[in-house]
Every structure is written in structure tokens, then in C-alpha cells.
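Visitor: Mind having a look at this structure? Questions to follow.
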Amino acid sequence: MIFAKQAMLDTGWAQNVRLNVEAGEITHIAADQSPQAGDARVDTLLPALANLHSHSFQRAMAGMTEYRMAGKDSFWTWRDLMYRFTAHLTPEHIEAIAAFVFLEMQEAGYASVGEFHYIHHQPGGAPYDDLGELSARIAAAAATTGIGLTHLPVLYTYGGAGQAPLQQGQARFGNSVDRFNDLVARARGAVDNLPADCRVGIAPHSLRATSPEDLAQVLGAHTGGPIHIHIAEQPKEVADISDWLGARPVEWLLKNADVTPDWCLIHATHMTEAETRDMAASGAVAGLCPVTEANLGDGPFNGPTYLEAGGAFGVGSDSNVLISLTEELRTLEYSQRLRDLARNVMVVGEGSVGAAVYNGAARGGAQALGRKSGRIAVGQLADLVAVDSSDPALIALQPHQILDGLVFAAKDKVVTDVWSAGRHAVVDGRHVQRDQIVNGYRAAMQSLMSSL
Ligand SMILES: [Zn+2]
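Under numbering that gives the first Met the number 0, think of the first position of the sequence shown as 0, with each following residue one higher.
Pasting the structure below:
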């Protein structure tokens with residue numbers, strides 16, 4: 000049982016709420032109750048967000064790529080360093096980094112993660128004895144932390160648009176369609192050992208890393224679960240795909256694949272107005288990663304047109320250069336204000352921007368990860384976050400202003416508790432396995448840095 004002084008239910012704000020959770024789901028909600036012995040007592044209860052896009056290993060190189068080199072730094076020079084870094088990661092490193100990243104996500108207020116997982120093989124490209132070794136490591140990190148995992152093995156077959164061969168730095172990612180399908184089966188086996196809310200989807204990395212024929216084959220073999228793809232992150236990518244396929248990436252995908260609400264299009268940064276409206280109409284989720292998109296100089300999403308067209312969106316921490324729920328949401332809105340020289344952009348008509356951004360990301364994120372969550376209601380997964388409304392950043396605010404305070408004025412330290420499908424992973428602002436996981440991460444970093 001959870002007792003909250005106030006809770007943002009699907010039906011609106013309620014006071015003195017008691018909530019039953021059984022087998023990961025909310026089974027009963029009652030307002031105007033008194034707390035009882037044994038209740039987990041919190042201040043303000045909200046639906047917890049899904050972090051819909053992460054490459055956990057990239058967290059370990061945060062801060063290593065912010066030095067200006069001679070010549071112009073770009074996304075592509077960042078990627079070169081990332082490739083050099085990946086060559087040294089062992090399965091043990093990958094598991095320890097993922098566990099630490101998932102802990103940071105939960106402490107920031109996320110209940111679940113979409114891990115877009117593309118290192119599959121040994122350095123040099125030979126498969127491990129178990130093709131799904133590294134998927135199993137990600138699943139093990141989810142088991143350690145209790146986070147709700149949607150594991151997304153990545154299909155990466157070519158080094159660039161036009162079926163270019165893989166580059167040296169991409170050898171650990173590469174699979175043919177047949178081997179990819181075997182890998183997905185291995186990943187499903189690993190995730191079967193996790194709680195029932197965890198699942199497997201697929202992630203064709205991008206149009207530049209596959210071909211029209213391969214993509215059709217993979218989609219034809221897909222037996223259910225979310226489908227994620229990077230799309231239109233960089234102008235060069237749009238130009239390369241246009242030259243090769245005769246259409247811009249989003250335009251091409253919408254014409255040539257059956258893009259449904261099971262899809263999540265990551266970034267979708269560089270779209271025309273028509274692409275923006277057509278993507279919204281498809282029901283797919285836009286997977287926005289504002290902190291990473293700012294860090295990599297990708298550019299801002301076309302928020303106003305997309306929201307007017309009823310488009311779904313969620314947020315992800317992508318490169319994990321910084322894991323912060325509040326920073327991610329405020330960067331999303333601020334990127335739009337800087338783009339449009341306007342205030343209060345990510346809301347249609349009148350209303351609280353904090354509520355529009357938070358609730359939009361809660362629902363879109365859950366949709367993208369195939370989780371029945373994003374709202375506090377009976378029958379939903381107990382993906383819940385509690386914040387302390389007596390924190391100085393929030394203390395002057397009424398319930399209807401709490402989400403504006405959270406998004407624009409607070410730091411993640413206002414988060415006191417997080418439940419991932421009922422698993423109470425964060426208590427009093429601290430992950431329950433923090434010491435063990437942080438020690439594991441420190442040891443992995445020492446080992447990794449001595450190998451570089
Ligand atoms: Zn990404």
C-alpha cells in the first residue's frame with residue numbers, strides 16, 4: 000500500500016490517497032483516506048516517466064568529447080571517438096555501466112527504459128559464444144536495478160547510405176538479417192527471466208544502416224513489440240538518404256513501411272511541415288532527446304506543428320551525457336522557445352506547459368515502450384514517482400502548478416521515491432542497491448581506463 004498526501008490521478012488531483020499495488024499493477028485507489036501502519040508514505044505522487052531511448056554504455060564517455068579540436072567538431076567527429084571507446088568495452092563493463100545508468104535514471108524519476116542496444120559482438124566483430132551475451136548483460140543490469148526494461152536489439156548491417164560496407168569501428172554492431180533474427184530470439188530468452196512488465200522490441204538502427212529489402216524482411220519476421228528507429232537526426236543524414244532513396248528519411252519510411260502506434264521515431268529533427276503532419280497522423284511516437292540533441296548540435300524538433308497535428312511524443316536520454324528528468328523536459332521546451340523566439344510553446348491552446356510536457360511524455364513514453372503506464376489508474380502498471388512538495392523549489396506552489404515547478408524550477412533531488420511496476424527501487428532519494436551498483440561502476444571504470 001502507498002499513502003500520498005496528494006496524487007495526480009488520471010481523474011485529476013486528489014488528497015490523502017491510498018493505493019493498492021499487486022503483481023506490479025495498481026488494483027485499487029481511494030482518496031480522502033488516513034495512512035495506516037505499514038503504508039509507504041509519500042508527499043506528492045505522479046505517474047513516472049519512461050526513458051524511451053538510451054545507449055547506456057555512452058554514459059562512461061560523458062565529458063570526454065567537450066574539448067574543441069582543430070577544425071570543426073561535429074556529430075561525426077563525436078561518433079569517431081565513441082567508436083574508439085567501444086572497442087575496449089568488455090561484457091563486465093557493459094553490465095556495470097548499464098546498472099549504474101539505470102540507477103541514475105530511477106533516482107531521477109524514471110521507472111523504465113528503452114535500451115537501444117547495438118554492441119553485440121567482440122572487438123573485431125566475432126560473435127560471442129552466446130550470440131545474445133551482451134543482451135543478457137543488459138537484462139542482468141535491469142534485474143539488479145529493478146527498472147522496467149524494454150530491450151531493443153539493434154539491426155546494423157551497413158556503414159552508411161547505399162549499403163556501404165561497415166567501417167572498422169562498427170564491427171561490433173554488425174548483423175545480417177538472419178543473424179539479427181537469431182539474436183532477437185536470444186534476447187527474448189534473456190528478458191524472459193525478468194519480471195513480466197519487461198519486454199523485447201526491435202530497432203533497425205537507421206535507414207542508413209539497413210536497406211529497403213532488409214528492412215522489409217526484418218519487419219516481416221517481427222512477432223510483436225515496439226519498433227524503434229533513429230531518423231532525420233542530422234542534415235547530412237537527410238541529404239544522404241534523399242540522394243540514395245529519392246525521398247527524405249521520414250517521407251520514405253512513411254511511404255514504404257506500415258508505421259503504426261507501435262513505432263517510435265527517434266529524433267525526427269529535420270522534417271518538412273508535411274512530414275511532421277504525416278508522422279503525427281501515423282500514431283507513432285516521436286522519441287525526443289533534447290539534452291543529447293543540444294549536446295550533439297542536432298537542432299530543435301518542430302514541436303508546435305507536431306502537437307497541433309495531435310502527435311505523440313516522449314523523451315529519452317540517448318547518449319546519457321546527463322541523466323536528468325527535469326533537465327530533459329525543460330530543455331525540450333527551451334529548445335522550442337529559442338527556435339521560435341516565443342514562450343510557452345509545447346502546449347496546444349491554453350494551459351500549463353509543465354503539465355503538457357510531463358503528461359505528454361508520460362503517455363507517449365509508455366506507448367513507445369509497450370508499457371501500460373503513464374497514468375495513475377486501476378489496471379495500470381505501478382510506474383510511480385513521488386516528489387517532495389515541501390522542497391524550497393516547490394513549496395509556494397498549488398497542486399495545479401506542481402508540474403510547472405518540477406519542469407522549470409526544480410532539480411531531480413525533489414524525487415523521493417520511485418516504483419518500477421511496483422518494485423520500490425528508490426526510497427528517500429536513494430536507490431536501494433546504490434552502494435553495490437556504484438562500487439561495481441567504479442571498478443569497471445578503473446579497469447576500462449587502464450585498458451584505453
Ligand atoms: Zn540514439
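Glycine residues also receive a C-beta, built at the ideal position from the N, C-alpha and C atoms.
#1: Measure from the alpha carbon of P152 to the alpha carbon of each residue in P164, S205 and Q162, then state which is nearest.
#2: Listed by chain order, which residues have C-beta atoms less than 6 Å from any heavy atom of ligand 1?
#3: Just verifying my parser: in three-state terms, what is the DSSP assignment at P303?
#4: Can you confirm whether the stretch 342–357 touches the stretch 415–424 when touching is taken to mean that 3 or more C-beta pairs between the two stretches lie within less than 8 Å?
#5: Could you check which residue in E114, K71, H119 and F115 has the C-alpha nearest to that of L88?
#6: Confirm the yes/no value for this check: CB of G364, any heavy atom of ligand 3, distance under 7 Å.
#7: What alpha helix (DSSP H) runs, 4 residues minimum, are completely inside the stretch 260–315?
#8: Report yes or no: do three or more beta-carbon pairs, one from the stretch 217–228 and one from the stretch 440–451, lie closer than 8 Å?
#9: State buried or exposed for W251, treating a residue as buried only when at least 16 other CB atoms are found within 10 Å of its CB.
#10: Can the beta-carbon of A361 be found closer than 8 Å to that of G373?
#11: Could you check where the alpha helix (DSSP H) with Y82 kicks off and where it finishes?
#12: May I have the straight-line CA-CA distance separating Q162 from R187, to the nearest angstrom?
#13: Which residues share a DSSP beta bridge with R429?
#14: Is it buried or exposed for R83, if we count other Cβ within 10 angstroms and need 16 for buried?
#15: What does the alpha-carbon distance come out to for the pair V346 and P303?
#16: One question on the structure: do G348 and A311 come within less than 8 Å of each other, judged by their Cβ atoms?
#17: Based on DSSP bridge pairs, tell me the residues matched to D416.
#18: Which residues mark the beginning and the end of the alpha helix (DSSP H) in which H452 is found?
#19: Could you tell me whether the Cβ atoms of H227 and G313 are closer together than 8 Å?
#20: Check this for me: beta carbons of R171 and P211, under 8 Å apart or not?
#21: Kindly list the residues whose CB is nearer than 7 Å to the CB of Q397, restricted to its own chain and excluding five residues on each side of it in sequence; keep chain order.
#22: Of all the options K4, L80, D31 and A392, which has the alpha carbon lying nearest to the alpha carbon of Q167?
#23: With distances taken from CA atoms, which of D261, H92 and L264 is nearest S449?
#24: Can you give me the C-alpha to C-alpha distance between G350 and E332, rounded to a whole angstrom?
#25: State the beta-bridge partners of P234 as determined by DSSP.
#26: Have a look at S318 and V386 and give me their C-alpha separation to the nearest angstrom.
#27: Taking all protein chains shown into account, decide if V258 is buried (16 or more other Cβ within 10 angstroms of its Cβ) or exposed.
#28: Consult DSSP for H229 and reduce its assignment to one of helix, strand or coil.
#29: Check whether the stretch 315–330 touches the stretch 390–409, taking contact to mean three or more Cβ pairs, one atom from each stretch, closer than 8 Å.
Guide: Looking at the atomic coordinates:
#1: Taking the first residue of the sequence shown as position 1, residue 152 is located at position 153. It is S205.
#2: H52, H54, F115, H229, I265 and D317
#3: Looking up residue 303 in the sequence shown gives position 304. Of the three classes helix, strand and coil, the one that applies to P303 here is helix, per DSSP.
#4: no
#5: For this step, residue 88 is matched to residue 89 along the sequence shown. Selected option, being the one with the closest Cα: H119.
#6: Ligand 3 is not part of this structure, which contains only ligand 1.
#7: 272–281, 289–294 and 302–307
#8: no
#9: Counting from one through the sequence shown, the residue named residue 251 turns up at place 252. W251 should be labelled buried.
#10: Within the sequence shown, numbered from 1, the residue matching residue 361 stands at position 362. Within the sequence shown, numbered from 1, the residue matching residue 373 stands at position 374. Yes, these two residues count as a Cβ contact at 8 Å.
#11: The count along the sequence shown starts at 1 and reaches residue 82 at position 83. Start and end: F74 to T85.
#12: On the sequence shown, residue 162 is found 163 positions in, with the first residue counted as 1. On the sequence shown, residue 187 is found 188 positions in, with the first residue counted as 1. Rounded to the nearest angstrom, the two C-alpha atoms are 28 Å apart.
#13: Against the sequence shown, residue 429 aligns to sequence position 430. Paired residue(s): V426.
#14: Sequence index remark: in the sequence shown, residue 83 carries index 84 (1-based). So R83 ends up on the exposed side.
#15: In the sequence shown, counting from the first residue as 1, residue 346 sits at position 347. In the sequence shown, counting from the first residue as 1, residue 303 sits at position 304. When rounded, the distance between both Cα atoms is 8 Å.
#16: Along the sequence shown, read from residue 1 onward, the residue named residue 348 stands at position 349. Along the sequence shown, read from residue 1 onward, the residue named residue 311 stands at position 312. No, they are not a contact pair.
#17: For the purposes of this step, residue 416 is identified with residue 417 of the sequence shown, where counting begins at 1. Bridge partners of D416: A385.
#18: Past the boundaries of the shown model lies residue 452; the chain is included only from 0 to 451, so the question cannot be answered.
#19: As a working note, residue 227 is residue 228 in the sequence shown. As a working note, residue 313 is residue 314 in the sequence shown. No, the pair does not count as a contact, with Cβ atoms beyond the cut-off.
#20: For the purposes of this step, residue 171 is taken as the residue at position 172 of the sequence shown. For the purposes of this step, residue 211 is taken as the residue at position 212 of the sequence shown. No, they are not a contact pair.
#21: On the sequence shown, residue 397 is found 398 positions in, with the first residue counted as 1. So the list is empty, once near-sequence residues are dropped.
#22: To locate residue 167, count along the sequence shown from 1; it is residue 168. Q167 has its Cα closest to that of L80, out of K4, L80, D31 and A392.
#23: To locate residue 449, count along the sequence shown from 1; it is residue 450. The candidate whose alpha carbon is nearest that of S449 is H92.
#24: Counting from one through the sequence shown, the residue named residue 350 turns up at place 351. Counting from one through the sequence shown, the residue named residue 332 turns up at place 333. G350 and E332: Cα-Cα distance of roughly 14 Å.
#25: By one-based count along the sequence shown, residue 234 stands at place 235. Bridge partners of P234: none, in fact.
#26: Your numbering for residue 318 matches position 319 in the sequence shown. Your numbering for residue 386 matches position 387 in the sequence shown. So the two alpha carbons sit approximately 26 Å from each other.
#27: In the sequence shown, residue 258 corresponds to position 259, counting from 1. Buried.
#28: What you label residue 229 is simply residue 230 of the sequence shown in a count that begins at 1. Of the three classes helix, strand and coil, the one that applies to H229 here is strand, per DSSP.
#29: yes
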